[in-house]
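>
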Amino acid sequence: MVNEVRSSQTSVDLKKRKKAKKIRSATLTYILLIIIAFFTAGPFLWLVSTSFKSGQNIYDMHFFFKNPTIKNYTGVAQFMNLWQYFFNTVVITVGSILIDIILSSLCGYPLACMDFYGKKVVNVALISTMILPAAAGLVVNYLTVKNLHLMNTFMGVILPGSVKVFSIILMRQAYMAIPKEIIEAAKIDGASEMKIWYKIMLPEIMPAVSTLVIFDFIGSWNSFLWPIIILQDPKKYPIATALQYLNGQFNYKFGYIAAGTVISIIPVLIIFVAFQKYFINTMAGAVKG
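Count along the sequence shown from 1, add 4, and you get the number used in the working numbering.
#1: Measure the C-alpha to C-alpha separation of residue 168 and residue 80 and round it to an integer number of angstroms.
#2: Please go through the same chain and pick out, in chain order, the residues whose beta-carbon is closer than 8 Å to the beta-carbon of residue 172, but skip the five residues on each side of it.
#3: Let's see if you can read the secondary structure: which residues bound the alpha helix (DSSP H) around residue 148?
#4: Return yes when at least one heavy atom of the ligand NAD lies under 6 Å from the C-beta of residue 23, else no.
#5: At least one CB of chain C closer than 7 Å to the CB of residue 120: is that the case?
#6: Counting beta carbon pairs with one atom in the region 205-217 and one in the region 82-90, are three or more of them shorter than 8 Å?
#7: Less than 7 Å between the beta carbons of residue 225 and residue 97, yes or no?
#8: Does the structure place the region 255-267 close enough to the region 71-80 that three or more beta carbon pairs sit under 8 Å?
#9: Roughly how many angstroms lie between the CA atoms of residue 40 and residue 204, to the nearest whole one?
#10: Comparing C-alpha positions only, which one of 163, 104 and 71 sits nearest to residue 55?
#11: Which residues in the same chain have their Cβ closer than 8 Å to the Cβ of residue 120, if we skip the five residues on either side of it in sequence?
#12: Just to confirm the assignment, what range does the alpha helix (DSSP H) spanning residue 210 have?
#13: Between residue 21 and residue 278, what straight-line distance do the alpha-carbon atoms span, to the nearest angstrom?
#14: When the Cα atoms are used, what is the spatial distance from residue 195 to residue 232?
#15: Quick check: what's the CA-CA separation for residue 163 versus residue 24?
#16: In chain order, what residues of the same chain have a beta carbon less than 7 Å from the beta carbon of residue 127, not counting five sequence neighbours either side?
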């Protein structure tokens, strides 16, 4: 009886020790992650704090500041036509996202669910183009846009980078995860390929589409070089390009640039938070696959 009590007490002590060890390990892990996150987000936190500083302490490297002010935000709103630049950015971003989602999902469907001659060659050709730097296509894209008479237009900014190879491959991998029996059952019921894609396949890959929305939104919203090349009218610039274009005007007031940058980042954060759940599910599925 005494041995049983001692054995039970020993088992309880071991469980407590294991639990305490797990708590210590988890605590150290979270502390380390918080430190890494702080250093990673350091430049952004400094930018946010700078946007609330006055001209006297604008270049201090302190995250905490005294006497915060919103004059930088009101000042940049007065100097810049923010609503016009936001409208330009929304048009370019939404147009790029819609074209990319529609065309890449259409391209990915036959590559994943159909058998045709040269399918492997097409897949290899698509993947091989990803090794090319983006700058390699600037001249070709510029000449194409110019010959199409799309210079100084939003469409000239949207079209060259609207469909990406990464998007096609992502859609293809998402389609391949769907059981083929669903497609066969739909064909038996007399559904056409277009109806199968629109009614059955597209709703099944919404997590991948949400991931694509995040990547496209970040890329299009922060586009800088290509709009400068295509748009001759500064009033048509997106927000990222407009901030850099006005950098010379604000070089003596860095707080204005910081405030404008923070304002331009807010929509990106909103989109990421809105689609974060689907993004994590897609990335987890990719790792498992």
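All C-beta atoms in this analysis are idealised placements derived from N, C-alpha and C, irrespective of residue type, glycine included.
A quick look at the data gives this:
#1: Here residue 168 refers to the residue found at position 164 of the sequence shown. Here residue 80 refers to the residue found at position 76 of the sequence shown. Cα-Cα distance, rounded: 34 Å.
#2: Here residue 172 refers to the residue found at position 168 of the sequence shown. Excluding sequence neighbours, residue 172 sits near 108, 111, 112, 115 and 130.
#3: In the sequence shown, the residue the question calls residue 148 occupies position 144. Start and end: 142-151.
#4: Only the bare structure without any ligand can be found here, which leaves the ligand NAD out of the picture.
#5: The structure shown contains no chain C, having only a single protein chain.
#6: Counting Cβ pairs under 8 Å, fewer than three are found: no touch.
#7: For the purposes of this step, residue 225 is identified with residue 221 of the sequence shown, where counting begins at 1. For the purposes of this step, residue 97 is identified with residue 93 of the sequence shown, where counting begins at 1. The answer is yes: Cβ separation under 7 Å.
#8: Because the criterion of three Cβ pairs below 8 Å is met, the region 71-80 and the region 255-267 touch.
#9: Within the sequence shown, residue 40 is the residue found at index 36, counting from 1. Within the sequence shown, residue 204 is the residue found at index 200, counting from 1. In a straight line, the C-alpha of residue 40 is about 43 Å away from that of residue 204.
#10: What you label residue 55 is simply residue 51 of the sequence shown in a count that begins at 1. The shortest CA-to-CA distance from residue 55 to any of 163, 104 and 71 is the one to 71.
#11: Here residue 120 is taken as the residue at index 116 of the sequence shown, counted from 1. 114.
#12: The residue you call residue 210 lines up with position 206 of the sequence shown. In this chain, the alpha helix (DSSP H) harbouring residue 210 covers 210-225.
#13: As a position in the sequence shown, residue 21 is number 17, starting the count at 1. As a position in the sequence shown, residue 278 is number 274, starting the count at 1. Between residue 21 and residue 278, the alpha-carbon positions lie close to 41 Å from each other.
#14: What you label residue 195 is simply residue 191 of the sequence shown in a count that begins at 1. What you label residue 232 is simply residue 228 of the sequence shown in a count that begins at 1. So the alpha carbons of these two residues sit roughly 46 Å apart.
#15: To locate residue 163, count along the sequence shown from 1; it is residue 159. To locate residue 24, count along the sequence shown from 1; it is residue 20. C-alpha separation (whole angstroms): 58 Å.
#16: As a first step, residue 127 must be located in the sequence shown, where it is residue number 123. Closer than 7 Å at the Cβ level, and outside the excluded window around residue 127, lie 115.
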